[in-house]
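First residue of the sequence shown: 24, per my numbering; consecutive thereafter.
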Amino acid sequence: MSHSIVVIPGDGIGQEITTAAVQVLQAADAKFGLDLHFTYQDAGGTAYDKYGTPLPEETLAACRAADAVLFGAVGGNQWDNVEPSLRPEKAILGLRKGLGLYANLRPVKIEPALVDYSPLKPELARGVDLVIVRELVGGIYFGERCESEQHDGVERAWDLENYSVPEVERIAKLAFQTAQLRRGRVTSVDKANVLATSRLWRRTVEQVHAQYADVELQHLYVDNCAMQLAVRPAQFDVIVTGNLFGDILSDEAAVVGGSIGMLPSASIGAQTSLYEPIHGSAPDIAGQGIANPLGTILSAAMLLRYSLHVEQAADAVEAAVRQALADGYRTVDLWREGCQKVSTEAMAEAVAARV
Ligand code: IPM
Ligand code: MG
24 MSHSIVVIPG DGIGQEITTA AVQVLQAADA KFGLDLHFTY QDAGGTAYDK YGTPLPEETL
84 AACRAADAVL FGAVGGNQWD NVEPSLRPEK AILGLRKGLG LYANLRPVKI EPALVDYSPL
144 KPELARGVDL VIVRELVGGI YFGERCESEQ HDGVERAWDL ENYSVPEVER IAKLAFQTAQ
204 LRRGRVTSVD KANVLATSRL WRRTVEQVHA QYADVELQHL YVDNCAMQLA VRPAQFDVIV
264 TGNLFGDILS DEAAVVGGSI GMLPSASIGA QTSLYEPIHG SAPDIAGQGI ANPLGTILSA
324 AMLLRYSLHV EQAADAVEAA VRQALADGYR TVDLWREGCQ KVSTEAMAEA VAARV
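Okay, structure coming up:
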């Protein structure tokens, strides 16, 4: 059975990291006979420069028709002054909405070889193995907003946060199901002491929980959760939260692992799903061949697992990443005395050779 994958490099380091991940996918294809077919599409600032829109209709249509999408990163300072509705970030937001990618899974697992790289003390960092389940197509990201208006003679702007019961039910179910396949614990994160949306969130999560009696549920306020991630991150199994809190907490959780360059994500839709590293386009190092491709390579492993259902190939890619790290290969963000400093391309080769 052949599989079609749309690759969207995007902007900045997007090109380099997706090239690296495709190389590793091709190694997995050669070993496991996956019959992968890659096509390339534009999005982000690069697409804006070419077509005047960050998300061309053709890109969205190609993604809808594909078995899976591999996404690099979008954004860059040169587009800072572009009209808000045409900013590069609109590409990823438009893809999430257009493909109905309602859940973003962001696993954070500290590779044994990288415990010392965590900004946390090794005894706190060791054993961290959690997944953030972030709601991705609702909340304040997609609420009504006003860029500027006059009110009593002063300028103001506003963004509206809203969540419906079905939106929360859908993400809560996925979180409980994810926990059933892991250690059976869900932490739901909100700000129910202040926000109405959070109170509806909490009430709905509790109702859904009734169908998942084998899973343990706890609630945390987002400020407390941010603190707990820094003082005792190993306590978490599955964290489920809304769009904005999930954006913030997943960066925090990522850095616990040593480098944000390591963290993959899967954005799950009813039909097609999309896979991307959680870091951005890093324009400051773009084009130098030094970006860490492992977050994208691990995203490709998630693609193999969740969209193509080739578990063995996914395991092989993840094991190859672990082995390359254990063998001392490091891109500059993770380099230390005694390790071998490698380029993006050389890291991809090292992983591909170990698949
Ligand atoms: C992420 C990113 C995006 C987000 C940006 C690029 C719009 O930070 O995927 O976490 O805020 O969701
Ligand atoms: Mg983010």
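For each residue, glycine too, the CB sits at the ideal point set by N, CA and C.
Bear in mind the structure is a predicted one, so any value in this text is a computation, not a measurement.
Tyr244 versus Ala88, Val263 and Val355, residue with shortest Cα-Cα distance: Val263
Per DSSP, the bridge partner or partners of Val30: Tyr63 and Leu93
Asp274 Cβ short of 8 Å to the ligand MG heavy atom set: yes
CB of Leu153 within 9 Å of CB of Pro130, strictly: yes
Whether Ile155 touches Asn185 by CB criterion (9 Å): no
Distance between beta carbons of Pro300 and Gly280, contact taken as under 8 Å: At roughly 12 Å, the Cβ-Cβ gap does not stay under 8 Å, so Gly280 and Pro300 are not in contact.
Gly292 CB to nearest heavy atom of the ligand IPM below 8 Å: no
CB of Val97 within 9 Å of CB of Gly75, strictly: no
Unbroken beta strand (DSSP E) run spanning Leu124, endpoints: Leu124 to Lys132
Buried or exposed (CB count within 10 angstroms, at least 16 for buried), His26: buried
Continuous beta strand (DSSP E) stretch holding Leu153: start and end: Asp152 to Glu158
Expected contact under 8 Å - CB spacing of Val378 and Val340 to nearest Å: 6 Å
Counted within 10 angstroms of its Cβ, other Cβ atoms place Ala233 as buried (16 or more) or exposed: exposed
Unbroken beta strand (DSSP E) run spanning Trp181, endpoints: Val177 to Asp182
Asp34 Cβ short of 8 Å to the ligand MG heavy atom set: no
Delimiting residues of the alpha helix (DSSP H) encompassing His232: Ala219 to His232
C-alpha distance - Gln380 paired with Ala347, whole-angstrom precision: With the chain represented from 24 up to 378, any question about residue 380 goes unanswered, as that position is not in the structure.
Per-residue DSSP class, three states only, for Ala215: coil
Distance CB(Val29)-CB(Thr62) smaller than 9 Å: yes
Every unbroken alpha helix (DSSP H) within the region 322 to 350, with a cutoff of 4 residues, ordered by chain: 334 to 349
For Asp72 and Leu197, the rounded distance between their alpha carbons: 38 Å
Contact set for Ala337: own chain, Cβ-Cβ below 6 Å, skip 5 residues either direction: Ala324, Leu327 and Arg328
Beta carbon shell of the ligand FMN at less than 5 Å from a heavy atom: Ligands in the displayed structure: the ligand IPM and the ligand MG; the ligand FMN is not one of them.
Distance cut-off 8 Å: Ile262 Cβ against heavy atoms of the ligand MG: no
Three-state class that DSSP yields for Tyr186 in the structure shown: coil
Integer Cβ distance of Thr21 from Ala195, believed to fall under 8 Å: Summary: the structure shown does not reach residue 21, with the chain confined to residues 24 through 378, and so no result is reported for it.
DSSP-derived helix/strand/coil call for Leu243: strand
Local Cβ density within 10 Å of Glu190, reported as buried at 16 or more and exposed below that: buried
Ile163: CB within 8 Å of a non-hydrogen atom of the ligand MG: no
Top-ranked residue by Cα proximity to Ile133, from Ser282, Asp58, Pro306 and Ser322: Ser282
Bridge-paired residues (DSSP) for Tyr352: Gln363
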